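Working notes, structure below.
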Amino acid sequence: MLKLYNNLSRQKEEFTPIEPGKVGMYVCGMTVYDYCHVGHARVLVVFDMITRYLRHSGYAVNYVRNITDIDDKIIKRANENGEPMQALTDRFIAAMHEDSAALGVLPPDQEPRATTSMDLILNMIQTLIDKGYAYAANNGDVYYDVSKFEGYGKLSGKKLEDLRAGERVAVDESKDDPLDFVLWKAAKAGEPYWESPWGHGRPGWHIECSAMSTHCLGHSFDIHGGGLDLQFPHHENEIAQSEGATGCKFVNYWIHNGFVQINEEKMSKSLGNFFTLREVLKSYAPEVMRYFILASHYRSPLNYSDQNLDSAKSALERFYTALRDVNAAATDGAGDYETRFRTAMDDDFNTAEAMAILFELANALNKAKADNNAEQAAQLAGQLRYLGGVLGLLQDDADSFLKGGAGDDGDAEIDALVAQRNQAKKDKQWAEADRIRDELQARGIVLEDGAGGTRWRRA
RNA sequence: GGCUGGGUGGCAGAGUGGCUAUGCAGCGGAUUGCAAAUCCGUGGACCUCGGUUCGACUCCGGGCCCAGCCUCCA
Numbered sequence: 401m402l403k404l405y406n407n408l409s410r411q412k413e414e415f416t417p418i419e420p421g422k423v424g425m426y427v428c429g430m431t432v433y434d435y436c437h438v439g440h441a442r443v444l445v446v447f448d449m450i451t452r453y454l455r456h457s458g459y460a461v462n463y464v465r466n467i468t469d470i471d472d473k474i475i476k477r478a479n480e481n482g483e484p485m486q487a488l489t490d491r492f493i494a495a496m497h498e499d500s501a502a503l504g505v506l507p508p509d510q511e512p513r514a515t516t517s518m519d520l521i522l523n524m525i526q527t528l529i530d531k532g533y534a535y536a537a538n539n540g541d542v543y544y545d546v547s548k549f550e551g552y553g554k555l556s557g558k559k560l561e562d563l564r565a566g567e568r569v570a571v572d573e574s575k576d577d578p579l580d581f582v583l584w585k586a587a588k589a590g591e592p593y594w595e596s597p598w599g600h601g602r603p604g605w606h607i608e609c610s611a612m613s614t615h616c617l618g619h620s621f622d623i624h625g626g627g628l629d630l631q632f633p634h635h636e637n638e639i640a641q642s643e644g645a646t647g648c649k650f651v652n653y654w655i656h657n658g659f660v661q662i663n664e665e666k667m668s669k670s671l672g673n674f675f676t677l678r679e680v681l682k683s684y685a686p687e688v689m690r691y692f693i694l695a696s697h698y699r700s701p702l703n704y705s706d707q708n709l710d711s712a713k714s715a716l717e718r719f720y721t722a723l724r725d726v727n728a729a730a731t732d733g734a735g736d737y738e739t740r741f742r743t744a745m746d747d748d749f750n751t752a753e754a755m756a757i758l759f760e761l762a763n764a765l766n767k768a769k770a771d772n773n774a775e776q777a778a779q780l781a782g783q784l785r786y787l788g789g790v791l792g793l794l795q796d797d798a799d800s801f802l803k804g805g806a807g808d809d810g811d812a813e814i815d816a817l818v819a820q821r822n823q824a825k826k827d828k829q830w831a832e833a834d835r836i837r838d839e840l841q842a843r844g845i846v847l848e849d850g851a852g853g854t855r856w857r858r859a
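Here the first sequence is numbered in our numbering, starting from 401 and rising by one per residue.
In structure tokens, the structure reads:
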């Protein structure tokens, strides 16, 4: 029985889909004007893990993750670069897809874009105006009238009066209320625009998600996710828009992942303390990043540091060392370990605890190998690979993972040196054997003499 | 100021009203020509002050501290 933490109620709830056996899930994706950083990687990986686990649990998941390809920052960046907006967004969409694939993130089932959903957006704005939730201002903007929506603030636990008391929003003359938010922005000279009943303009940020999610998944759907920073105002506004327009309950379960932090501080564009994924992947295998993200609970803060990534790397090495030299048996995963794995995952996707079970499996596998129990080892390896796969981990060839890394020496040369050393060992020339081993060590190669011969890996 | 979430061993990170998390690092042993890997064993923790309880790190209340949202942000 899957339980998940619902941000709407601020407690764990049993998950019951609207349609038995099916899950509709929408996640707010990237605004494509720059490369993904580690914070973006977390959203991608976390919701990929959730999708994979839901599928493992037997649900047919319709996973929708949008792309925001029109907004102020995109316009600004395109102008700075002196390139057409679409050239910019195409480039960063491609980059984002590359980054996702590297992390083992499966493509979403649908990936709608704001610029190709303009009729949906315009329709929804019109509906909101018709129903009295929105008004066209004299400057060409269209605003959502927050006071008209009962329950505004229910997701983030905010009250209108509190928001007004803590007023920090620059007062905009054309709004009836400073808390009203924009649905349609009138185009200034030189800005890209679309035709609308209210003149040339572009959509506000929040409306695209309401329009695209309800279009792809229906007026009501099961799960809506995104980073914690989207809870307010973005998701709050989505609720106001969608429920205002459709009159239906928008989403049953809201899921938000925690931040990636650096030195106890949120990693973010505005603070400038971010690392792009591509930078990090120069030093670490993508699977190390994925493990690092999944080793802690998705709602906890995740502290980014080299030390923590090194630790993630060591953990993966332990798994792959156990898996090395074993032919994993085909399995449907069922068994005691799977039961416990599932219990952990059913508790609000507790990947940290699930990981502990995988380590137990690795331990049992190592023992079976030491006992020369090939059949049992094959079974355990199969289980480990299967359950790892549910998390999108441990699918690589063990030896290539362990030999991968930053080394620039050719494998053939290393093999030759290993052979030389083995000859020296056979001749009991220990000094020579150790000299070669030290030489390889200095190049970041670690040797392991085992029953089946000498193996090496990159440290 | 309002509203969230959190404070666990050297580090990372789960969890539980009384019983081993787990990984990395440390220590002892096995194994090894010596190592590495592996196995076995082992030390070490629950911010603080009260309350509930036979018993609380775990539940309740106060305090202190941290992060986040209230402005674009995954």
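All residues carry an ideal CB built from backbone N, CA and C; glycine is no exception.
None of these values were measured; they are calculated from a predicted model.
Assign residue i to buried or exposed, taking buried as 16 or more other Cβ atoms, counted over all protein chains shown, within 10 Å of its Cβ.
| i | result |
| --- | --- |
| T451 | buried |
| N538 | exposed |
| R857 | buried |
| K682 | exposed |
| M425 | buried |
| Y597 | The sequence shown places Pro at residue 597, not Tyr. That one is exposed. |
| P507 | exposed |
| K769 | buried |
| E643 | buried |
| S353 | Given that the chain is displayed from residue 401 to residue 859, the structure contains no residue 353 and the question cannot be resolved. |
| Q707 | exposed |
| R742 | buried |
| R835 | exposed |
| P512 | buried |
| E687 | buried |
| L758 | buried |
| D827 | exposed |
| A589 | exposed |
| G850 | exposed |
| T515 | buried |
Would you check if the distance between the CB atom of residue i and the CB atom of residue j is smaller than 7 Å?
| i | j | result |
| --- | --- | --- |
| Y543 | K575 | yes |
| M449 | L791 | yes |
| L765 | A730 | no |
| L563 | L583 | no |
| P417 | D746 | no |
| W636 | S556 | It should be pointed out that residue 636 corresponds to Glu in this sequence rather than to Trp. Against a cut-off of 7 Å, the Cβ pair of S556 and E636 comes out as a contact. |
| T527 | A645 | yes |
| K698 | A712 | The sequence given here places Tyr at residue 698; Lys does not occur at that position. No, these two residues do not count as a Cβ contact at 7 Å. |
| W605 | D799 | no |
| F659 | H437 | no |
| F719 | L787 | no |
| Y737 | L702 | no |
| Y435 | R740 | no |
| V938 | N750 | Since the first and last residues shown for the chain are 401 and 859, residue 938 lies out of range. |
Rank the options by C-alpha distance to the C-alpha of residue i and give the top, closest one.
| i | options | result |
| --- | --- | --- |
| A441 | M496, D849, G532, S700 | M496 |
| M524 | G647, D706, V505 | G647 |
| G439 | A819, V461, T731, S500 | S500 |
| H600 | L758, G540, M612, G658 | G540 |
| V651 | L671, H619, D796 | H619 |
| D725 | A781, P686, S705, S409 | A781 |
| L408 | T468, W654, P603, V464 | W654 |
| E832 | A842, L840, Y698, R821 | R821 |
| E608 | Y535, A640, G590, Y704 | A640 |
| C428 | L402, V464, R837 | V464 |
| T431 | G421, I757, M485, K558 | M485 |
| G532 | I521, F549, L520, T516 | F549 |
| E664 | Y704, Y435, D577 | Y704 |
| A859 | A851, V846, E760 | V846 |
| N763 | K403, A777, Y433 | A777 |
| D490 | L503, E480, I474, G504 | I474 |
| E839 | D827, G853, E813 | E813 |
| L522 | R410, S610, V445, P512 | S610 |
| H456 | K669, Y435, L402 | L402 |
| R602 | D629, L520, E561 | L520 |
| K669 | D509, Q411, E419, Y433 | Y433 |
| N773 | R785, A587, A728, E595 | A728 |
| I662 | E480, Q823, A534, L709 | L709 |
| E753 | L716, D732, L694 | L694 |
Segments assigned alpha helix (DSSP H), at least 4 residues, entirely inside the region 684-726: Listed in chain order, the complete alpha helix (DSSP H) runs (minimum 4 residues) inside the region 684-726 are 686-694, 706-723.
Runs of alpha helix (DSSP H) wholly within the region 727-798 (minimum 4 residues, chain order): Taking only runs of at least 4 residues, the alpha helix (DSSP H) segments lying wholly in the region 727-798 are 736-746, 751-770, 774-790.
Taking only runs of the alpha helix (DSSP H) that begin and end inside the region 576-638, which ones reach a length of at least 4 residues, in chain order? Taken in chain order, the unbroken stretches of alpha helix (DSSP H) that lie wholly in the region 576-638 and span 4 residues or more are 605-617.
Of all the beta strand (DSSP E) runs that stay within the bounds of the region 423-473, which reach a length of 3 or more residues? Entirely contained in the region 423-473, the beta strand (DSSP E) runs reaching 3 residues are, in chain order, 460-465.
For the region 516-541, list the beta strand (DSSP E) runs that are entirely contained and at least 3 residues long, ordered along the chain. Here the runs fully enclosed are 534-536.
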